[in-house]
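Undergrad:
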Ligand code: GRF
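In this note's numbering, the protein residues as written are 2 to 259.
Quick look at the structure:
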């Protein structure tokens with residue numbers, strides 16, 4: 002029997018991608034199981050979906066963590082001892098300004114909690130399914146097994162590298178693109194910049210409304226994400242360096258049984 006890949010999933014909202022992933026696991030379409038679902042938002046419907054499926058859930062409050070860090074209202078709350086602001090900033094390069102005035106230290110308080118909760122479920126892969134928080138290099142380095150062994154997959158609602166950020170579909174629509182879609186990528190230190198695992202491209206019909214555009218885009222995500230998780234589960238993903246020095250994903254052929 003195939004050893005199932007243990008997934009931790011983070012959501013901030015509706016969790017329709019989480020649902021698609023849980024369904025794919027349940028129906029045996031992918032060799033994975035969702036072992037824990039976490040959120041930064043206690044009201045995320047994704048948490049309810051997980052609970053209905055009997056999957057353990059947790060919430061980490063980023064605002065509490067920030068409050069504790071900034072005001073120190075709980076004695077002794079500090080960024081993790083090994084959180085090195087200069088190292089984090091260097092790794093993020095031009096994206097470092099996204100860390101804000103505390104250099105990500107307050108964020109790392111919440112991330113330490115996230116890590117501890119995810120680690121206790123011994124996950125193989127962390128799946129970001131509409132998780133709307135920036136992850137610092139401190140967290141990413143602890144989740145990955147090494148620079149060439151990434152363990153965080155994210156789905157983004159645009160054909161990267163176009164339209165990173167929080168409004169992929171709207172940005173693509175407003176730009177007047179005739180082709181659109183979604184991207185699953187490994188998470189690196191930038192904003193939606195990591196090595197691309199898979200993409201689905203859709204054609205914008207002239208008679209489409211923005212609502213249809215987003216609805217059909219999201220429905221396509223529900224196919225793409227499980228497929229990209231399965232590639233990880235099959236051990237077919239590795240990173241290689243392209244001629245311009247960028248890390249890109251190489252997908253190995255499926256092993257043929259002999
Ligand atoms: C999706 O469009 C995903 O690409 C983006 O956030 C949305 C999450 O939707 N990152 P859901 O919570 O999975 O329904």
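Ideal Cβ positions, reconstructed from N, Cα and C, are used throughout, including at glycine.
Check for me: the beta strand (DSSP E) holding residue 37 runs from which residue to which?
TA: Taken as a continuous stretch (DSSP letters only), the beta strand (DSSP E) holding residue 37 covers 33-40.
Undergrad: Considering Cα atoms alone, identify which of 198, 188, 218, 102 is closest to residue 228.
TA: The shortest Cα separation from residue 228 among 198, 188, 218, 102 belongs to 198.
Undergrad: Considering Cα atoms alone, identify which of 149, 221, 211, 206 is closest to residue 250.
TA: Comparing Cα-Cα distances from residue 250 to each of 149, 221, 211, 206, the minimum goes to 149.
Undergrad: Spatial neighbours of residue 121 within its chain, please: C-beta separation below 6 Å, excluding the five flanking residues on both sides.
TA: The answer is none, since no qualifying residue turns up.
Undergrad: Looking only at its own chain, which residues have a Cβ that is under 6 Å from the Cβ of residue 140, when we skip the five neighbours before and after it?
TA: Taken in chain order, the residues that qualify are 112.
Undergrad: Could you have a look at residue 45 and say whether DSSP puts it in helix, strand or coil?
TA: Here residue 45 sits in coil by DSSP.
Undergrad: Can you name, in chain order, every residue of its own chain whose Cβ lies under 7 Å from the Cβ of residue 182, other than the five neighbours on each side?
TA: Closer than 7 Å at Cβ, skipping near neighbours: 160, 200, 201, 202, 203, 218, 221.
Undergrad: Between residue 57 and residue 208, what straight-line distance do the alpha-carbon atoms span, to the nearest angstrom?
TA: For residue 57 and residue 208, the distance between alpha carbons rounds to 43 Å.
Undergrad: Let's test the definition: count the other Cβ atoms within 10 Å of the Cβ of residue 151 and tell me whether it reaches 16, buried, or not, exposed.
TA: With 16 or more Cβ atoms within 10 Å of its Cβ, residue 151 is classed as buried.
Undergrad: Taking the alpha carbon of residue 125 as the reference point, which residue from 116, 177, 131, 132 has its own alpha carbon closest?
TA: Closest option to residue 125, Cα to Cα, is 116.
Undergrad: Buried or exposed, going by whether 16 or more other CB atoms sit within 10 Å of the CB of residue 213?
TA: Exposed.
Undergrad: Buried or exposed, going by whether 16 or more other CB atoms sit within 10 Å of the CB of residue 154?
TA: Buried.
Undergrad: What are the partner residues of residue 6, as DSSP defines its beta bridges?
TA: Paired residue(s): 33.
Undergrad: Give the secondary structure of residue 63 by DSSP, where H, G and I count as helix, E and B as strand, and everything else as coil.
TA: The answer is helix: DSSP assigns residue 63 an H, G or I state.
Undergrad: Is the CB-CB distance between residue 138 and residue 89 below 8 Å?
TA: Yes.
Undergrad: How would you call residue 105, buried or exposed, if buried means at least 16 neighbouring beta carbons within 10 angstroms?
TA: So residue 105 counts as buried.
Undergrad: Determine the closest residue to residue 93 out of 15, 130, 215, 192, with distance taken between C-alpha atoms.
TA: Considering only alpha carbons, the answer is 192.
Undergrad: DSSP state of residue 167, grouped into three classes?
TA: In this structure, residue 167 counts as coil in the three-state DSSP scheme.
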